[in-house]
Amino acid sequence: PTHPELLDWLAAELMENGWSQKHLHRVILNSATYRQSSAMRSDLQQVDPLNHRLGRQVRLRVDAEVVRDLGLSVSGLLNERIGGPSVYPPQPDGVYAFTQRNAAWPVSQGENRFRRGMYTFFMRSAPYPMLTTFDTPRFNTTCTMRVRSNTPLQSLTMANDEAMLEMAAALGKRIAAAAETDDGRLRFGYRVCFSRDPLPEELRRLQGYLVQQRLTRGNGAVAEGTAVRSPEQLEEEIWMLVGRTLMNLDEFIVRE
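Here the sequence shown is numbered in this note's numbering, starting from 44 and rising by one per residue.
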């Protein structure tokens, strides 16, 4: 152990509080050490560049199942039911084209569709693609530590996966209904997704994105000869894109 005295203290804290893991987790999460920023500090770069002394937080991407849970939570779709049968979220066509048998994937409907990632049905010969993209371990071998990669496919999944788009649409509706002004809506979106207000530059960029999408979407239907959509439909589509943008920011799935 790199911090034996701290480990001894935590062990004593666990014993003295009835072996309650919930209490221990709360102590750790509320500690000043855990609540630090992961930003590099110039005063630590020379004395502790590898962060052995825990002078800053460790920056990491959340686990695969939690990526799905975050999307469900901010969109307001999350079904918090505990236990029960496995869930079959939407997945790309053709996943089972090369498996040993003609497997079926009956996509879940209703509230059961929006349960936590840990309940997703896992087929060993062809695991749920979204989870494997974010490094969930294979269930046919023992896993003592998860790998955390950072790949372009993860960004593409967040932007284009059917299940993630469904969550982005719900998040967009939630944001649009949260305030009367665009600024109020954008601030609400940041609070929901990142637990903070947007910085002035972030707000300015999102405002510009809104203007751009309204111009593009409003003129595109006429230019391309597509079916004319009502202003309400266009606004719903635009706020879905805003929700999709927020969910695709690095901060959404990375613990800072």
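Beta carbons: idealized from backbone N, C-alpha and C, even for Gly. Please read all numbers here as calculations on a predicted model, not as lab measurements.
8 angstroms contact criterion, which residue i and residue j should meet: CB distance rounded
{"i": "Ser80", "j": "Glu299", "result": "7 angstroms"}
{"i": "Gly61", "j": "Glu108", "result": "About 29 angstroms separates the two Cβ atoms, so there is no contact after all."}
{"i": "Leu277", "j": "Gly261", "result": "6 angstroms"}
{"i": "Arg287", "j": "Ala202", "result": "7 angstroms"}
Residue environment, residue i, which counts as buried when at least 16 other CB atoms sit within 10 Å
{"i": "Ala206", "result": "buried"}
{"i": "Ser355", "result": "Because the chain here runs from 44 to 299, residue 355 falls outside it and cannot be looked at."}
{"i": "Asp51", "result": "exposed"}
{"i": "Trp282", "result": "buried"}
{"i": "Ala211", "result": "buried"}
{"i": "Val265", "result": "Residue placement at Val265 is flagged as unreliable, the pLDDT there being 48, under the threshold of 50; a coordinate-derived value is accordingly withheld."}
{"i": "Cys236", "result": "buried"}
{"i": "Asp106", "result": "buried"}
{"i": "Ala213", "result": "buried"}
{"i": "Gln255", "result": "exposed"}
CB contact flag (residue i, residue j, <8 angstroms)
{"i": "Val130", "j": "Phe182", "result": "no"}
{"i": "Arg104", "j": "Pro132", "result": "no"}
{"i": "Val297", "j": "Leu249", "result": "no"}
{"i": "Gly227", "j": "Glu279", "result": "no"}
{"i": "Pro180", "j": "Arg189", "result": "yes"}
{"i": "Leu196", "j": "Asp225", "result": "no"}
{"i": "Leu67", "j": "Glu59", "result": "no"}
{"i": "Arg230", "j": "Asp240", "result": "yes"}
{"i": "Arg124", "j": "Arg84", "result": "no"}
Proximity to residue i [Cα-Cα], best of the options
{"i": "Leu120", "options": "Glu154, Arg96, Leu93 and His95", "result": "Glu154"}
{"i": "Ala140", "options": "Trp282, Ala169, Thr185 and Thr187", "result": "Ala169"}
{"i": "Asp204", "options": "Ser273, Phe177 and Ala54", "result": "Phe177"}
{"i": "Val101", "options": "Leu49, Thr76, Ser273 and Lys216", "result": "Thr76"}
{"i": "Arg167", "options": "Ala146, Arg158, Phe157 and Arg99", "result": "Ala146"}
{"i": "Asp136", "options": "Pro149, Arg124, Ala213 and Gly126", "result": "Pro149"}
{"i": "Val138", "options": "Arg111, Pro172 and Glu108", "result": "Pro172"}
{"i": "Ile218", "options": "Ser192, Pro195, Arg191 and Met290", "result": "Met290"}
{"i": "Asn193", "options": "Thr224, Thr175 and Pro274", "result": "Thr175"}
{"i": "Asn122", "options": "Pro47, Asp86, Tyr162 and Met58", "result": "Tyr162"}
{"i": "Ser198", "options": "Thr184, Cys186 and Val110", "result": "Val110"}
{"i": "Leu258", "options": "Gln64, Pro274, Ala220 and Ser85", "result": "Pro274"}
{"i": "Gln134", "options": "Arg234, Leu208, Ile71 and Thr185", "result": "Leu208"}
{"i": "Tyr233", "options": "Gln255, Leu292 and Gly251", "result": "Leu292"}
How about the stretch 110-127 and the stretch 84-97: do they share at least three Cβ pairs that are nearer than 8 angstroms? no
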